[in-house]
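Reading through the structure tokens given below for one structure.
Residue numbers (my numbering): 1201 to 1436.
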């Protein structure tokens, strides 16, 4: 039986008390796509009932970036990268390690039990970046060299098109699924039996200040993902 790991690395824009002064006057940035993924946590919660393990990070990515490796130059933002080493280590221990370690340990345990693992990482993307409009609604990010991930993405795209034919769906856009991130790290640790798919939804569908996502899009994602989990593609 395939186990489902559900994560949302950029679910909020919270700032810990001990570094709040660094963000004085930066409220607009914190509430923008730079600080979090608007709408992603709502979609994560809608998908939570399907998960064997669901983990969400609500600390702003501008404090510490949960979707980057520890050796990434982007782990800390311009707001926090000049903190003393001890404080940066504390940010990692408190706001990065718990989610990443819990996820890695669960995947390792499931694989040791000979269970396959599907990991869905829920994100949203800004519709305009550096003046360029992104002409897509949903992105499915994965490693095309891994056959199970290719099949999952192709099957889910078909199911999404059935649920909402008007949605513009792309593969490995607006980012590459092999870029540094949580799924990439878990692929490295698990050469087989693990599939990591990042779901990217256009933030133009975010509502209520980013606390919710358009009901029709949410319903289409949930319905298509429900069908995917029942499909032979999800249970190799």
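Positions of the beta carbon are idealized from the N, C-alpha and C atoms, including for glycine. Only a predicted model underlies this, so the values are computations on that prediction, with no experimental measurement involved.
Per-residue DSSP class, three states only, for residue i
i	result
residue 1209	coil
residue 1204	strand
residue 1245	helix
residue 1322	strand
residue 1406	strand
residue 1328	strand
residue 1371	strand
residue 1317	strand
residue 1270	coil
residue 1217	helix
residue 1412	strand
residue 1224	coil
residue 1333	strand
residue 1429	helix
residue 1230	helix
residue 1293	helix
Straight-line gap, residue i to residue j (C-alpha atoms, nearest Å)
i	j	result
residue 1385	residue 1342	12 Å
residue 1393	residue 1429	16 Å
residue 1287	residue 1281	10 Å
residue 1419	residue 1243	9 Å
residue 1235	residue 1212	8 Å
residue 1230	residue 1260	7 Å
residue 1279	residue 1314	43 Å
residue 1222	residue 1270	21 Å
residue 1283	residue 1296	16 Å
residue 1382	residue 1225	30 Å
residue 1294	residue 1365	42 Å
residue 1289	residue 1301	15 Å
residue 1328	residue 1408	19 Å
residue 1363	residue 1333	25 Å
Other residues of its chain near residue i: CB distance less than 8 Å, five sequence neighbours each side excluded
i	result
residue 1248	1206 and 1254
residue 1349	1342, 1343, 1377, 1395, 1396 and 1397
residue 1272	1265 and 1380
residue 1435	1201, 1202 and 1316
residue 1389	1304, 1307 and 1308
Range covered by the alpha helix (DSSP H) that runs through residue i
i	result
residue 1347	1347-1363
residue 1279	Here residue 1279 belongs to no alpha helix (DSSP H), and DSSP marks it neither H nor E.
residue 1386	1382-1389
residue 1299	1297-1312
C-beta contact flag for residue i and residue j at 7 Å
i	j	result
residue 1326	residue 1233	yes
residue 1405	residue 1421	no
residue 1209	residue 1239	no
residue 1275	residue 1268	yes
residue 1324	residue 1401	yes
Cutoff 7 Å; reference residue i; Cβ partners in own chain excluding five residues on either side
i	result
residue 1310	1203 and 1317
residue 1433	1351, 1352 and 1355
residue 1373	1336 and 1339
residue 1359	1424, 1427 and 1428
residue 1306	1205 and 1253
residue 1347	none
residue 1218	none
Terminal residues of the beta strand (DSSP E) in which residue i lies
i	result
residue 1401	1394-1402
residue 1255	1253-1256
residue 1262	Residue 1262 -> no beta strand (DSSP E), and no H or E assigned at all.
residue 1339	1338-1341
Cβ neighbours of residue i in the same chain (closer than 6 Å, five flanking residues each side left out)
i	result
residue 1368	1336 and 1337
residue 1412	1242
residue 1251	1204 and 1206
Chain D contact for residue i (CB, 7 Å cutoff)
i	result
residue 1320	You won't find chain D in this structure, because it holds only one protein chain.
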